[in-house]
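Peer 1:
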Amino acid sequence: MRPRAWVLLLAAVFALLQLTDVTGRSTPDSKNYVSYALSLAGAQKREAAAGAIEHFCASRASDAKRAQSVHVVRFHRADPAPLVRAECREREWRAIERGLRAGRTGGHTAPFMPERFMRIFEARPGYPVFLVPFVTLLGVTWGVWTAGVLLAAGGGVLAFLILRTVSVPVPFALTGQALYYVLPTGATAMRPMTEGLLLALTLAAVWGCALVLCAGRARAGFALVAGASAALFTVKHSQALFLGGCLAAAGAAVAWRRHRRGRPPGPDVLRLAAVGLGSALATVALARLLHHPSESESLQDLLTHHFARPDRARPWAEFFQLQGNFWTEWSRRQARDPLFVTALAAGVWGALRRPAFGAFVVAAAATGVLTQAGHPDVGIGGRLIVMAWLLPVLGVPLLLAPVVRDGMSLPAQGHTDRVRAVN
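Residue numbers (mature numbering (1 follows the signal peptide of the UniProt record, and there is no 0)): -20 to -1, 1 to 403.
(1) Per DSSP, what kind of secondary structure is I33 in: helix, strand or coil?
(2) So what does DSSP say about I76, is it helix, strand or coil?
(3) From A61 to L(-4), what does the alpha carbon distance come to, in whole angstroms?
(4) Which same chain residues, not among the five before or five after K45, have their C-beta less than 7 Å away from its C-beta?
(5) Using DSSP with H/G/I as helix, E/B as strand and the rest coil, what is P377?
(6) Are the Cβ atoms of L364 and T351 separated by less than 8 Å?
(7) Which term fits H272, buried or exposed, when burial requires 16 or more other beta carbons within 10 angstroms of its beta carbon?
(8) Take the Cβ of N12 as the centre, count every other Cβ of all protein chains shown within 10 Å, and call the residue buried at 16 or more, exposed below.
(9) Just the Cα atoms here: how many angstroms apart are A288 and W307?
(10) For the candidate residues L266, G375 and F320, whose alpha-carbon lies nearest to that of residue 415?
(11) Are there 16 or more other CB atoms within 10 angstroms of the CB of T182, so buried, or fewer, so exposed?
(12) Tell whether a beta-carbon distance below 8 Å holds between R333 and P382.
(13) Which two residues bound the contiguous alpha helix (DSSP H) that contains F152?
(14) For R99, which option in S278, E77 and Q219 has the closest C-alpha, if you only look at C-alpha atoms?
(15) In three-state DSSP terms, what is A133?
(16) Is the beta carbon of C189 less than 8 Å from the beta carbon of V205?
(17) So does the stretch 152 to 164 actually touch the stretch 129 to 142, counting three or more Cβ pairs closer than 8 Å?
(18) Once the 5 residues before and after T263 are set aside, which same chain residues still bring their CB inside 7 Å of it?
(19) Secondary structure at Q24, three-state DSSP: helix, strand or coil?
(20) Classify I100 as helix, strand or coil using the three-state DSSP reduction.
(21) What are the boundary residues of the alpha helix (DSSP H) that P187 is part of?
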């Protein structure tokens, strides 16, 4: 088959596999995004809350049913889903009614949580805007699922396009697409949260870097990097800030390395660094202009468990203490189960086989580490650091392609040497 057919086949297989879990991916934060999307679609506050609650509670009921079905003691008991759904609805509606009685009818998100916490989600319209056509045409359950499938499948396609742009052979570019689906990137992108869109837009920016550095299509590449950065601001402005700063650092590192070797840094590398730096500065300025929640507010959200407790008097001191504890525990867990760090090492090795382009791949993946460092909560799992998995997605095919190619060329070279010896 042609490469395009293989790409579509991989994406279709991934999409079909996602039918095994249509309702069980919702998280507490999903309620905020779904209610935001329904509000943008024209629903009143109570109607938007109802749609979000039904989606969230159906997910909780589905999780409970599956968990009991394999529980070694309770598997033969009655289906817990109806009770779990009813209790979930009661709990969530209690919070909504309390918020509405307090006069919290402004904004787009339903008042599930304290107002300070909801302001964080009000500053993230990008993902709800993306959801609007899907929930309008297909309803909440299938609309959210379809949006997730398109984002996750599209991320794999972007990985393929990036690898082909840097001249990786088709089989290894398809390997990158498959890795995106089977590594945590695929599962995380399917969840009804911002990560799927963040991953896709970050990959779009990396594709722009590849177009500039490896394909000679500077205008299209710069436009893609700038457009992806602008879109990231609407989805989660911290990711736009991190990506812009990391791209600027990557460009500076490549320019410094070339200077050390007596080579000119190259205008395209410097322009990519300038675009990254400009994006980071614009993000800071625009966030201040729009009065988005500041880093200190995010810090209080972390340390007070979503403002459920009084503000901390010395938040930065506590934050840095938590940082040390978090990374110590994280390192211990990685030493016990080193798949992630091994995959990162392989990804770095492969990416830096193309030093200039690889530096920008490493930069994009580093945004995951920065996001995790900004919210060092070990209870969240691997969702915040998921961008780091882009390193093995793109780096492992870059590592394997020359190794396999060189291995395949050895027998042919040996045969040539024997013929020469005989002659």
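Beta carbons: idealized from backbone N, C-alpha and C, even for Gly.
Bear in mind the structure is a predicted one, so any value in this text is a computation, not a measurement.
Peer 2: Quick answer:
(1) helix
(2) helix
(3) 23 Å
(4) D59, P60 and A61
(5) helix
(6) yes
(7) buried
(8) buried
(9) 25 Å
(10) As displayed, the chain neither begins before -20 nor continues past 403, which places residue 415 out of reach and without an answer.
(11) buried
(12) yes
(13) V150 to V162
(14) S278
(15) helix
(16) yes
(17) yes
(18) F213, H217, A220, L221 and G224
(19) coil
(20) helix
(21) Note that residue 187 is Trp in the sequence shown, not Pro. Its alpha helix (DSSP H) spans residues E175 to C194.
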